[in-house]
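Asks: There's a structure below that I have some questions on.
Residue numbers (UniProt numbering): 1 to 1189.
Printed below as a string of structure tokens:
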């Protein structure tokens, strides 16, 4: 446990609170409040940064090469040929890291040097944040940032309420409310009382759970329970509160925000993994080539070298030893087969592509001033390879803006636009002018409901809206005599606003009362308990005492949990169920409302259990849920609400485009099955031609259970999918969370699995909890048995085999499910929990090896977003948790088509072209040494000048390939969207794979042969105009180098699909730069300065003044490029690609026909989902009030 003593720094310095850090050096377990997010300081930057860079295999490889080049016996290249590009690569990375770290230093200093008031020597004094310690009592004012995780002691607001903004924690800008304990609010308002405060706190250890805190305050001989609603977290801002006081619980690195700032799971693309394997392949090829050439040199030495007196070097080395030295010499010479600048170039391209996404105005949402954002720079090309999209529904496909549309009260449906037996197509909306609290924005068309409310003939109607006005955790403020509601979820806000317009207005709440205006009459009710909502309970209740003294419980929640808890005598149960089905078919979000009368004695007994559970130090939430269950039973059903959540703009069109791109869409939602199906029709994921299969109708899993032992793996898979294959090509699967339980539950015994499968009241969450408990009990029991009765070896083997069989069965069943689902064009999973969403994504990743993308907007989607290869967050109504966990973010689902079909596809094509060309130019450059070795006795001599080798990848060929990787487009963005079928090249890995790699290798090898042998043939017997033969090695090297630079730069011109001035300038500029630098390096002036480094004095001027050398260069370049031009021409003419066809096809744009669905597509929306957040019940019931006006 974590112990904190107020105003007593010496307490936390006691020996028992110190941990051994290094040998005998100890430090306090209580962190200081100074934060440190930087990685380096002045002394550690160089060694630490180099250490991190050399952890990369490629960098370490080049370091070894550099060391080899310092050994005189084997070095064949000047040290600077590797050092210069190597330093450039290290330097670029180091500068990037340094800039990032300097920024972190500045931010740390800015934060650590902020000030606040701390109790010192009995009074408040100004202190820097970095000097604050655990146990200090601090004072904060309006708009102050909170410096540490503190326990709220008191504030200037009534009952010590404190408003905070948590935007830095969860991205939400709506204010949250925290309230102090009643005891501290009462006694700790003055400075002298705060200075003498000596409370002792025992709580949980520091952790990263932002919404959880369990602890106890011991003070004045009493103990008081503490929870998250009494804690102000570091990073939040004090709002609308003049002054508040707090006790520091966690400081610095122990605070929850710092605990959450750990490294996110590192995601790598498919191309990254392939690229690493290709680099390993190149290294193997390099070693084999060097070994072969070394053997050749040993043989040549034995046959020729030892008998050639003019080659004697004064050392009597054996041929095998000389071959050994030659091996290392060729490792050095051929090292450029592994491109030193490859990884840096890849990162530059990815960074540029990320900025293009950020700058795309067509993905900018003007209404909320929200641009698209690439939150990572390492996954761009993977956007062009997506097979499966897993989408949340509420707030992702829909707007998450809730409107009260219909309700069912006492079995009677009341509708905003129609009512059973009546129709009001031209009726004006209901006039709410009689209600002084009506907000003027609410529109409802069923006049009969208003008549029922005003007449009071059916008490259930008034009771229905009274429940909506009182059973919630909404906060209210009066601003300019207008009521302003702050709700924990959009559903909650819509329901309270609806009740307000129908005459039951929530006006105010205090620490234990709630005031409601009932048709103009204000009545105040005592709140005895609030039983808050969570995703496990899927309901909330409130227990109130009426002014007449009666105790009543009001409850609202999902129909699945409410119907289990109803009294047997509920006459409108079936009518309400029918209404729920109608609402779900119209894709409305539904909630059931009910109540119950409670006897005084029953409540007193229950309240004792409730108070005991409230102060439990461990498993408090579980204890409270158990107590809630005891009172929430034998309920009387009032009716159901139906709320509309409209589709976002462009959702059907986007889904249609993605489907044409062979991307399969799975919708994972917490809604009812009927709602999920209808939302599928609304967004055109399902059509009238779709054959729908329901998970509950598939019986193969029972077949597998009975015949498991006698069926082999292939037969099992075929059995699993047999029912789907006969139904045609356009199939869809709709499954529920309880059905998914079967897929994840094979590790439990078969009888348990069957019980789960057929239990109509068991959903995913309940199953997970019961399974965990049963497994814990089994584990404890098995440990006891193991201690008392050690198993024999035979028993252990039997148990191991049994476990293995269960595991195999589980994997096979999951494989069958994935095979079955992936044969469908669409899959909808309804009633699934956040954990099940992530598990479904993981199954497809594991068994299909397909690239997945998850998109969502709420905290319930975070797990799914992190699990998928690529996570996309939508900044919507549910805060920014999903965005903060995502790799890419934008404001509307419709932008997904542009992200994938345009940016993703372009990024993939650009990266593939870049890598193929990069390998090609390096092979063309390096393998000239191989051909040259056949004519120099395999003696590891270079075919080029050393400085050319140094600058080839750095200057002469770097810019054109970088610009192609950044700017190239095979077709425009409009054609990319018009022809979604172009996307499949990325899904099938057609542009970069081992076949393409070896084609590039072969292309480079053939180019190097032409580059070497054409000049070699031209130089065999030549005579210059002056009668001299310039057939020397240096002129030959200049000729090959010149032809190489021109050929590879012109080759990238052939590979470029989208020409700009920048591309053209880079190609011709690189060639001009080569000739300029070469003439400078071959000049007499630079030779005089460094004679040993620049040895090709006058070579360029001498060689390139000969016309036939220029003709040789032109012939060499032509022979390198003409076969490529011919092949490209034939390919485009005879075997055109899809992009070639799209560029040549003139398409008349015809707007697609819309599928009009019966019952109105525009009204298909969703039902009650898990997106509903935990409310403010703990806060309200803790005995505090909202600001009083």
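Quick reminder that beta carbons are idealized off the backbone N, C-alpha and C, glycines included.
Does DSSP put residue 347 in a helix, in a strand, or in coil?
Replies: Three-state result, residue 347: helix.
Asks: What would DSSP say about residue 163, mapped onto helix, strand or coil?
Replies: If DSSP states are grouped into helix, strand and coil, residue 163 belongs with the strands.
Asks: So is residue 1089 buried or exposed if we call it buried at 16+ other beta carbons inside 10 Å?
Replies: Exposed is the call here.
Asks: Within a Cβ cutoff of 6 Å, which residues of the same chain sit near residue 883, ignoring the five residues on either side of it in sequence?
Replies: Correct list, in chain order: 873, 875, 889.
Asks: Can you check whether the CB of residue 989 is closer than 8 Å to the CB of residue 77?
Replies: Not closer than 8 Å, so no.
Asks: Taking DSSP as the reference, what is the three-state secondary structure of residue 407?
Replies: Three-state DSSP puts residue 407 in a strand.
Asks: Classify residue 781: buried if its beta carbon has 16 or more other beta carbons within 10 angstroms, exposed otherwise.
Replies: Residue confidence for residue 781 is low, a pLDDT of 43 falling below 50, so the modelled location carries little weight and cannot support an answer.
Asks: Per DSSP, which residues does residue 486 bridge with? Please list them.
Replies: Paired residues: 475.
Asks: On a Cα-Cα basis, can you pick out the residue from 230, 606, 731, 959 that is closest to residue 149?
Replies: Nearest option by C-alpha distance: 230.
Asks: Take the Cβ of residue 381 as the centre, count every other Cβ of all protein chains shown within 10 Å, and call the residue buried at 16 or more, exposed below.
Replies: Residue 381 should be labelled buried.
Asks: Taking the continuous alpha helix (DSSP H) assigned at residue 1019, which residues delimit it?
Replies: Run containing residue 1019: 994 to 1020, per the alpha helix (DSSP H) assignment.
Asks: Which class does residue 592 belong to by DSSP, given the choice of helix, strand or coil?
Replies: Residue state, collapsed to three classes: strand.
Asks: Going by beta carbon distance, what residues of the same chain come within less than 6 Å of residue 733, once the five residues before and after it are set aside?
Replies: The residues are 693, 821, 824, 827.
Asks: Alpha carbons only, please: which of 1047, 1100, 341, 1080 is nearest the one belonging to residue 1124?
Replies: When only C-alpha atoms are compared, the closest one is 1047.
Asks: Give the secondary structure of residue 814 by DSSP, where H, G and I count as helix, E and B as strand, and everything else as coil.
Replies: Helix, per DSSP.
Asks: Is DSSP giving residue 33 helix, strand or coil here?
Replies: DSSP places residue 33 in coil when its eight states are reduced to three.
Asks: If we ignore side chains and look at the alpha-carbon of each, how far apart do residue 479 and residue 99 end up?
Replies: Straight-line Cα distance between these residues: approximately 47 Å.
Asks: Under 6 Å Cβ to Cβ from residue 690, same chain only, skipping five residues before and after it: list those, please.
Replies: Answer for residue 690: 730, 732, listed in chain order.
Asks: Taking three-plus beta-carbon pairs below 8 Å as touching, is the segment 845 to 864 in contact with the segment 382 to 395?
Replies: Yes, the segment 845 to 864 touches the segment 382 to 395.
Asks: Mind checking which residues open and close the beta strand (DSSP E) that includes residue 826?
Replies: Run containing residue 826: 826 to 830, per the beta strand (DSSP E) assignment.
Asks: If residue 555 and residue 539 are in contact, beta carbons under 8 Å, what's the gap, nearest whole angstrom?
Replies: About 6 Å; that satisfies the 8 Å criterion.
Asks: Which residue comes first and which comes last in the alpha helix (DSSP H) that contains residue 1080?
Replies: 1061 to 1081 is the span of the alpha helix (DSSP H), which, as asked, contains residue 1080.
Asks: Would you call the segment 280 to 294 and the segment 320 to 339 touching, i.e. three or more CB-CB distances under 8 Å?
Replies: Contact between the segment 280 to 294 and the segment 320 to 339 is present, because at least three Cβ pairs lie under 8 Å.
Asks: Are three or more beta carbon pairs between the segment 115 to 132 and the segment 86 to 104 nearer than 8 Å?
Replies: No, the segment 115 to 132 does not touch the segment 86 to 104.
Asks: Please report how far the alpha carbon of residue 1164 lies from the alpha carbon of residue 652, in whole angstroms.
Replies: Reliability of the predicted coordinates at residue 1164 is poor, the pLDDT of 31 falling under 50, and no value is obtained from them.
Asks: Can you give me the start and stop residues for the alpha helix (DSSP H) that residue 433 sits inside?
Replies: Here residue 433 belongs to no alpha helix (DSSP H), and DSSP marks it neither H nor E.
Asks: For residue 783, which three-state DSSP category applies?
Replies: Note that residue 783 has pLDDT 42, beneath the 50 cutoff, so the model's placement of it is unreliable and the number below is only indicative. It is helical.
Asks: Using a 10 Å radius around the Cβ and a threshold of 16 neighbouring Cβ atoms, would you call residue 628 buried or exposed?
Replies: Flag for residue 628 reads buried.
Asks: Are the segment 1078 to 1088 and the segment 976 to 992 touching by the rule of at least three beta carbon pairs closer than 8 Å?
Replies: In short, these stretches do not touch, since the Cβ pair count stays below three.
Asks: Can you say whether residue 685 is buried or exposed, counting buried as having 16 or more other CB atoms within 10 angstroms of its CB?
Replies: Buried, because 16 or more other Cβ atoms sit within 10 Å of the Cβ of residue 685.
Asks: Straight-line CA distance for residue 12 to residue 134?
Replies: Near 8 Å, if we compare the C-alpha coordinates of residue 134 and residue 12.
Asks: Can you tell me the Cα-Cα spacing of residue 836 and residue 621, whole angstroms?
Replies: Roughly 22 Å separates the two Cα atoms.
Asks: In terms of residues, what are the limits of the alpha helix (DSSP H) holding residue 929?
Replies: Looking at the DSSP string, the run of the alpha helix (DSSP H) that includes residue 929 is 928 to 933.
Asks: Who are the Cβ neighbours of residue 752 in its own chain at under 6 Å, not counting the five residues just before and after it?
Replies: Confidence in residue 752 is poor, its pLDDT being 36 and thus under 50, which makes the residue's placement unreliable; the coordinate value appears in the next sentence. Cβ neighbours of residue 752 beyond the five flanking positions: none.
Asks: Sort out for me which residues DSSP pairs residue 526 with in a bridge.
Replies: Per DSSP, 513, 545.
Asks: Using a threshold of 8 Å, state whether the C-beta atoms of residue 1079 and residue 1034 are closer than that.
Replies: No. Outside cutoff.
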